[in-house]
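Encoded as structure tokens, the structure appears first; notes follow it.
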Amino acid sequence: MPRLVVISNRVAVPKARGVAGAQGGLAGALNAALRANGGIWFGWSGQETEEFSGSINYVKSSDGVTTATIDLEHQDIEEYYNGYANSTLWPLFHYRIDLTKYEREFGKGYERVNERFAESALPLIDKDDLVWVHDYHLMPLGERLRSMGVENRMGFFLHTPWPPTNLFVSLPYHERLVKALLHYDLLGFQNDVWLDSFLHYCWKEMGADVNYETGEVTVDGRTTVARAYPIGIDFDFFRSKGETGEARQAGQRLLASTRHRTAMIGVDRLDYSKGLPERMDGIARFFDRYPERVRDLVFIQIAPPSREDIGSYQLIRETLEQKTGQINGARSEVDVVPVRYVNKGQTQEELFGYYRASKIALVTPLRDGMNLVAKEYVAAQDPDDPGVLILSRFAGAAQQLDCDGEGALLVNPHSADDISHHIRIALDMPLEERKSRFEKMIVTVREENVQRWTENFIGDMNALG
Ligand code: F6P
276 MPRLVVISNR VAVPKARGVA GAQGGLAGAL NAALRANGGI WFGWSGQETE
326 EFSGSINYVK SSDGVTTATI DLEHQDIEEY YNGYANSTLW PLFHYRIDLT
376 KYEREFGKGY ERVNERFAES ALPLIDKDDL VWVHDYHLMP LGERLRSMGV
426 ENRMGFFLHT PWPPTNLFVS LPYHERLVKA LLHYDLLGFQ NDVWLDSFLH
476 YCWKEMGADV NYETGEVTVD GRTTVARAYP IGIDFDFFRS KGETGEARQA
526 GQRLLASTRH RTAMIGVDRL DYSKGLPERM DGIARFFDRY PERVRDLVFI
576 QIAPPSREDI GSYQLIRETL EQKTGQINGA RSEVDVVPVR YVNKGQTQEE
626 LFGYYRASKI ALVTPLRDGM NLVAKEYVAA QDPDDPGVLI LSRFAGAAQQ
676 LDCDGEGALL VNPHSADDIS HHIRIALDMP LEERKSRFEK MIVTVREENV
726 QRWTENFIGD MNALG
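Adding 275 to a residue's 1-based position in the sequence shown gives its number in this note's numbering.
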């Protein structure tokens, strides 16, 4: 079994407080992949340095995962992380062309940092290692490594959506980015929708030979394979969190504070792709339509801040706070407040407890590569009294959790009416239906877990001729 070298922008450094909501799904998934396969995880420390030196800080965790991190300069962080990655690619890949910033300096910073990642990671790669690069921050990294003589098997996985061709072509030098991607041997996407968009681009804009059966994309005599690998959660590990006192206490605290009201939960990084203001509009619509039900339902939104140096993130936070205040102002009684907004991350144990104590989850991103909160919510449910998942049809997870209309309740996250309507259905859903929907979803969540995802991707990397 070859050793794994995982490279991603962010690395979950061992012993950091596990604020699952804040770090997104990627860190947890990669930690699980490395625990199972052994190897090294390279990335940015999240720290700033005066002058880039490339010096690597190693930490070995008790579960055998070695992390190797570098610090970046202020200008790198501005142009690469806040700039090209999160002000250009992130909004564009989430179909938010209105928020996408096209700055020349961002592009240069992105190339520079990818070069720095490649130079720093190069000495860590041994002859037979499998190199697995993650996410939109590092698309050109494979090409940079190839130019430095790396001939290892290399794969890339995109954790976000891939946008339709007519949006993607708004990116200056879009072709250069895709050409760089084609230096990997294997490209992974979260589902068929994003995969098809990518293959369509290659065919239409690059004149590639595309084999839709096998995912082979051939340009200038070089073939790369592109396939869908829906990411899952570390099911057993997450379930084990539910055995802890911390999880039980968290659940009890929530139940004690909500008393006779049904708790409905949302957990998201505070990101405009997550549809939080639109979700609040749906909740406001529900309370407008059914004012008496303010005594039946309490909504708890956990939304840890994210990418706070970027203007669009500051704005989304203000908007969310205003909307929450408006709902509470209009609908509260002296003894009842309809919405609780928690602006900080929680441990996985706490989240497990909150999920289990909540009889409805509202997961309504406007666009999402996958969304692991939806899967964690299902995993945390009591099979004898499970809650209902209300899920955006635009989350990658909808493909798996719809279960032919018999799993999650799918909604249009842009429609306040649709959200309100489905909250009413979820609130009044009989136990038998809740159980049958849960039983369908739990099979997928349990079976199509992160171990399966890793095995499939690595298995395919190994099998490539
Ligand atoms: O899944 C998308 C992603 O950008 C990950 O790459 C990242 O770890 C997570 O969201 C959280 O974002 P950030 O690293 O910018 O805090």
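Ideal Cβ placement from N, Cα and C applies to all residues, glycine included. Quantities reported herein were computed from a predicted structural model and do not represent experimental measurements.
- One Cα belongs to K619, the other to A522, and the distance between them is close to 17 Å.
- For N731, the enclosing alpha helix (DSSP H) begins and ends at V725 to A738.
- Annotated as proximal: Q465 and G644, with beta-carbon spacing under 8 Å.
- Distance between A538 and F574, taken at the CA atoms: about 6 Å.
- In the structure shown, S330 adopts coil according to DSSP, grouped into three states.
- The segment 633-652 and the segment 539-559 touch, with no fewer than 3 CB-CB distances between them shorter than 8 Å.
- Comparing alpha-carbon positions, the option among R419, R534 and H475 lying closest to E491 turns out to be H475.
- Following the DSSP letters along the chain, one finds T440 inside the alpha helix (DSSP H) bounded by residues T440 to F443.
- Between the C-alpha atoms of A655 and E325 there is a straight-line separation of about 44 Å.
- For R568, the closest alpha carbon among the candidates V334, G358 and L702 is that of L702.
- DSSP, read as helix, strand or coil, puts Y565 in coil.
- In this structure, DSSP gives S607 a state outside helix and strand, which the three-state scheme calls coil.
- Annotation: the continuous alpha helix (DSSP H) that includes H697 extends over A691 to L702.
- Contact check for A683 and L664: beta-carbon distance about 4 Å, within the 8 Å limit, so the pair qualifies.
- In the DSSP assignment, the residues bridged to K335 are T341.
- If you look at Q675, you'll find it in the alpha helix (DSSP H) that goes A673 to L676.
- Under the criterion of beta carbons closer than 8 Å, I698 and I635 qualify as touching, at roughly 7 Å.
- Contact annotation, F627 with F513: C-beta distance approximately 7 Å; criterion of less than 8 Å satisfied.
- When beta bridges are read from the DSSP output, T622 appears opposite no residue.
- In this structure, A691 is the residue among A691, L676, T435 and H449 with its C-alpha nearest to the C-alpha of F562.
- The closest CA to that of F669, considering only W469, D509, T341 and V609, is found on W469.
- 8 Å or more divides the Cβ of D410 from the Cβ of H449.
- For L664, the enclosing beta strand (DSSP E) stretches over residues V663 to S667.
- Beta bridge pairing from DSSP links I540 with I575 and A636.
- Contact between the segment 326-341 and the segment 412-427 is absent: fewer than 3 CB-CB pairs across the two stretches fall below 8 Å.
- Judged by DSSP in its simplified three-state form, T493 adopts strand.
- In the three-state reduction of the DSSP assignment, M429 falls in the strand class.
- Pairing G430 with V388, the inter-Cα distance amounts to about 19 Å.
- For the pair R310 and D404, the CB atoms are not nearer than the 8 Å cut-off.
- The C-beta separation of A455 from M481 comes to about 12 Å, leaving the pair out of contact by the 8 Å criterion.
- CA-CA distance, Y504 to P688, rounds to 25 Å.
- Here DSSP, grouped into helix, strand and coil, assigns N466 to coil.
- Secondary structure of S581 (DSSP, three-state): coil.
- Less than 8 Å separates the beta-carbon of V725 from that of I506.
- In this structure, the CA atom of I591 is about 17 Å from the CA atom of K376.
- In this structure, the ligand F6P has no non-hydrogen atom nearer than 7 Å to the beta-carbon of D509.
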